[in-house]
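Below: the structure, in structure tokens.
2 protein chains.
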Amino acid sequence: MSDLKGACIIGQSGGPTAVINASVLGAVQAALNAPQITRVLGAANGITGVLNQRLYDMSQEDPAELELLKFTPASALGTCRYKMKDPDEDPTDYEKILETFRKFDVRYFFYNGGNDSMDTCNKISKFLLKHGYECRVMGIPKTIDNDLYGTDHCPGFASAAKYIATSCMEVKHDACCYDTGMVTIIEVMGRHAGWLTAASALATYAGAGPDLIYLPEVDFDMDSFLADVERVYNATNKCLVVVSEGIHDKDGKFISEAKTNSNDGFGHAQLGGLANKLAEIVRGRIKNAKVRAIEPSLLQRCATHLASTTDATEAYLAGKTAVTAAIGGDTDKMVAFERNNLYGQYICNTKLLPLESVANFERKVPREWINAAGNGVEQAFIDYALPLIQGDTGMKIEHALPRFARLKKVLAKPCC
Amino acid sequence: MSDLKGACIIGQSGGPTAVINASVLGAVQAALNAPQITRVLGAANGITGVLNQRLYDMSQEDPAELELLKFTPASALGTCRYKMKDPDEDPTDYEKILETFRKFDVRYFFYNGGNDSMDTCNKISKFLLKHGYECRVMGIPKTIDNDLYGTDHCPGFASAAKYIATSCMEVKHDACCYDTGMVTIIEVMGRHAGWLTAASALATYAGAGPDLIYLPEVDFDMDSFLADVERVYNATNKCLVVVSEGIHDKDGKFISEAKTNSNDGFGHAQLGGLANKLAEIVRGRIKNAKVRAIEPSLLQRCATHLASTTDATEAYLAGKTAVTAAIGGDTDKMVAFERNNLYGQYICNTKLLPLESVANFERKVPREWINAAGNGVEQAFIDYALPLIQGDTGMKIEHALPRFARLKKVLAKPCC
């Protein structure tokens, strides 16, 4: 065990998930129990809270409220999309972070996020090392996109997948119960990786799902798409299509219309409106059909009411493992999952990956898990995803509605 | 008890709900057990199945599959939006119905729908009476809009209400966890009545819901709306707004843009795109905010995974009551609910209303249940809605996904 003593900071970054707070809970509980950790601090809105010295004293929280974090959606500590500059170009932010760390005697930093957050972790870690400040830095994965490199899957994906699959089953029933022709197009989140869109195939596996699925891993061809829709529609008078927001043509140009002129902090174009655009095009081609576009938007990433307990348990484990590994001496790593089968039973183990190997890489759906025509997925994907969505939500109910965690968020004072 | 013997037809009409099939189950099970009913027929796609003599023999269904109808979304028998002409203008359809009834010896007709369906029931009943064909006609209510006249509430409303309230709680958490300014606008179904939109207030009651709610019962004023949003946004850096798709100005003109040029069969304009339109206007007013529009669309009316067991049980009761009342001699009536309190406990009893008193009337949210400013609802609405959403879904789960009913749908042959 390590003899590095000091405070820890736990922060959350990027788009939230249905179970991201389970990771915070895992980390906070492990840290509160660790004699090496003198104070457990939560960063208000991720790295911006570290920059501004807005840190919550997590020991002030009611333990029963903390427990509710396991099934509370969105980032309970607050999140951000702040992109720090390269430290070689402009070290201002990194100097501020070091200042905060010194002021609060921070020796452990845990950051819960996606690709960009792992890059942030990596840069902070390198900067601290260069300046001789001893601090263990660990990344805790999360993303509904499931696109983090080197891990079998990411906490947050399975719950969003379960939401998409369940909703697709319900919409399939609704969209098919009329006697009139109907084409329904559902747009699912996922900029470059189609994992969540592929999850709609679980609905088809369970008896009622999309007829056609388009992932960004395959170049989208409008003529093939229209021919696909027409073929299904002519045969059944209905067609349910699920498309990833990130589908693009062979030149890499997004099919979606750019929405207004807003960009997020990382310079990614804000996508959206794709389903409506495709619906308009289908209307022009299939004259008699009623064509409906559905964009579940935020609903798909915050639906804790359909969270998978497997996902929440693993998210918790990821947070806890980050703390125990750091106390054990690890730094500059991300917690990752590897899958094992024991007598045919799904088993999820944790492992540690160097941050450098994860940061800014994207893991995509293997081409062989997508069918040859590029309009559906193979059984291999179902076999991959099905174990992850198991277990009903453990969300606490009060008055027939969710009872989510209510944190006090008491700001901590510097120790020196 | 009645001595009228013959077959019965059960049909479903209009937009489905999360529990509309619970009513079919109630009616089918009661009819299968009734010695007066010689054959239980399900109309394929509502009245069009009666017109085309496409009727399913419900006795051919596996009883265990039928049981699953209690928590299967959408209209399991199929639905339609076919509008019959006035029999005085053009009796063709009514003559066809009479022909079907004669061919299949139908003496009981149960129709599960909203306002328009009750009107259809009423016209059929009058036509049959005029032509001396003895047949008992009963309406079974359903609508997520909750706008049927003379009943305390409608089956289907509570489950959609629970979905809207739960989703609003989750979106509130998501939309408020960033450190940047954010305005989120959710568009809820409801053409003329704001019951379902008002249900979003249950989220606020439960700790995290909309800041502003606009119902069609109050004329919408764009300037007041923008002032409301700006006030909330300036105070909190966030604003969650829920609007009914049917909000209109003081001249009755819908605020929403008309979507394409499609109309449904009843000549109602198809609404939609309202949230996007309002978002665009808010973007112009509050320059720094990220403004997001969310339209849950079909998801809100088919979300059996969040169905209220109270709702499903009452929907079942409505179907069963229609059959037992008809066997007892009633005709030309709709089953309705009245609410009683027994030692502070919510009790729902059924009653029968003349179809004539229900058809084509709309029941709106009382003005005194909406706040004076017209941007929220009062506690009276919460007290009304809260008992209705109680009880988790009883949906059967298989492989962590819904296991909805799979009917054989064996077509019945005429008996003569």
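So the protein sequences, as listed, match chains A and B. Counting in this note's numbering, the first sequence runs from 1 upward without gaps. Counting in this note's numbering, the second sequence runs from 417 upward without gaps. By construction, the Cβ of each residue, glycine as well, lies at the ideal position given by its N, Cα and C atoms.
Does residue i pass the burial test, meaning 16 or more other C-beta atoms within 10 Å, or should it be called exposed?
i      : result
B:K824 : exposed
B:Y759 : exposed
A:A315 : buried
B:I425 : buried
A:E398 : exposed
A:G15  : buried
B:T547 : According to the sequence shown, residue 547 of chain B is His rather than Thr. Classification for B:H547: exposed.
B:P782 : exposed
A:A37  : Inspection of the sequence shows that residue 37 of chain A is occupied by Ile rather than by Ala. A:I37 should be labelled buried.
A:L143 : In the sequence as displayed, the identity of residue 143 of chain A is Thr instead of Leu. Buried: at least 16 other Cβ atoms inside 10 Å.
A:F266 : Any reading at A:F266 is ruled out, since the residue's pLDDT is 47, under 50, leaving its predicted position unreliable.
B:M534 : buried
B:M638 : exposed
A:L92  : Checking the sequence, you will find Thr at residue 92 of chain A rather than Leu. So A:T92 ends up on the exposed side.
Among the options, which one has its Cα closest to the Cα of residue i?
i      : options                           : result
A:L68  : A:G181, A:S23, A:A385 and A:Q12   : A:S23
B:Y498 : B:A775, B:A821, B:G462 and B:T508 : B:G462
A:E134 : A:F71, A:P354, A:K142 and A:K5    : A:K5
B:Y579 : B:V435, B:Q795, B:M750 and B:C764 : B:V435
A:A385 : A:N52, A:E295 and A:T310          : A:T310
A:A275 : A:N33, A:V188 and A:G150          : A:V188
B:A490 : B:L457, B:L545, B:P507 and B:S429 : B:S429
B:D665 : B:P632, B:V657, B:G689 and B:A695 : B:P632
B:D504 : B:K542, B:E477 and B:F525         : B:K542
B:V658 : B:W611, B:D667, B:D639 and B:G668 : B:W611
A:K70  : A:A400, A:K396 and A:K413         : A:K396
B:S660 : B:G427, B:Q716, B:K767 and B:A742 : B:Q716
A:R417 : A:T79, A:D251, A:G394 and A:D105  : As shown, chain A starts at 1 and ends at 416. That puts residue 417 of chain A outside it, with no answer to give.
B:G735 : B:L467, B:P770 and B:F526         : B:F526
A:V410 : A:V323, A:Q53 and A:Q29           : A:Q53
B:A821 : A:P402, A:H173 and A:C168         : A:H173
A:C302 : A:A7, A:K351 and A:N21            : A:N21
A:E170 : B:P830, B:A492 and B:H569         : B:A492
B:D502 : B:E511, B:C496 and B:T495         : B:E511
B:R755 : B:P818, B:G566 and B:T596         : B:G566
B:M750 : B:M554, B:S672, B:G606 and B:D595 : B:M554
B:K780 : B:L733, B:N757 and B:I663         : B:I663
A:P35  : A:A64, A:L51 and A:D3             : A:D3
A:S308 : A:G394, A:L278, A:K413 and A:V229 : A:G394
Pull up the DSSP beta-bridge partners for residue i, would you.
i      : result
B:F670 : B:H664
B:K706 : B:M598
A:F110 : A:I10 and A:M138
B:C570 : The partner list for B:C570 (beta bridge, DSSP) is empty, contrary to what the question assumes.
A:G42  : A:I10 and A:Y56
A:K238 : A:M182
B:R877 : Only positions 417 to 832 of chain B appear in the structure, and residue 877 of chain B is not among them; the question remains open.
B:L769 : B:M750
B:T495 : A:Y178
B:L694 : Paired residue(s): none; B:L694 is not in a bridge.
A:V188 : A:S244
A:V377 : A:I370
B:E859 : With chain B running from 417 to 832 in the structure shown, residue 859 of chain B is simply not present.
B:I453 : B:G422
B:L410 : For residue 410 of chain B there is no data in the structure shown, the boundaries of chain B being 417 and 832.
A:L212 : A:V241
Check the C-beta distance from residue i over to residue j and give it rounded, since I have them as a contact under 8 angstroms.
i      : j      : result
A:A198 : A:D145 : No, A:A198 and A:D145 are not in contact; Cβ-Cβ is about 11 angstroms, not under 8 angstroms.
B:I629 : B:G792 : 5 angstroms
B:L564 : A:H305 : Contact flag wrong, Cβ pair sits at about 28 angstroms.
A:A201 : A:I382 : 6 angstroms
B:L471 : B:L482 : Their Cβ separation, rounded to whole angstroms, is 16 angstroms, which puts B:L471 and B:L482 out of contact at 8 angstroms.
B:V739 : B:A460 : That belief does not hold up - the Cβ atoms of B:V739 and B:A460 are roughly 20 angstroms apart, past 8 angstroms.
A:E362 : A:N122 : The Cβ separation is near 16 angstroms, so there is no contact.
B:K654 : B:C584 : 14 angstroms between Cβ atoms; not a contact.
B:G807 : A:A400 : 7 angstroms
- Evaluate the contact criterion for the region 209-224 of chain A versus the region 141-161 of chain A: three or more CB pairs, one atom per stretch, below 8 angstroms. The way I'd put it, the region 209-224 of chain A doesn't touch the region 141-161 of chain A; fewer than three beta-carbon pairs between them come closer than 8 angstroms.
- Are the region 635-651 of chain B and the region 690-706 of chain B in contact at 8 angstroms, needing three or more beta carbon pairs? Result yes; three or more Cβ-Cβ pairs closer than 8 angstroms.
- Query: Taking one C-beta from the region 591-605 of chain B and one from the region 781-792 of chain B each time, how about it: are there three or more such pairs within less than 8 angstroms?
  - Reply: The answer is no - the region 781-792 of chain B does not touch the region 591-605 of chain B, with fewer than three Cβ pairs under 8 angstroms.
- Segment contact flag, the region 706-720 of chain B with the region 738-746 of chain B, C-beta cutoff 8 angstroms, min 3 pairs: Contact fails: fewer than three Cβ-Cβ distances are below 8 angstroms.
- Query: Given a limit of 9 angstroms on CB to CB distance, which residues of the region 7-25 of chain A reach chain C?
  - Reply: Considering every chain present, this structure includes no chain C. Its protein chains are A and B.
- Item | Given 8 angstroms, three or more beta-carbon pairs between the region 801-810 of chain B and the region 464-480 of chain B | A contact between stretches requires three or more CB pairs, one per stretch, nearer than 8 angstroms, and the region 801-810 of chain B fails this requirement with the region 464-480 of chain B.
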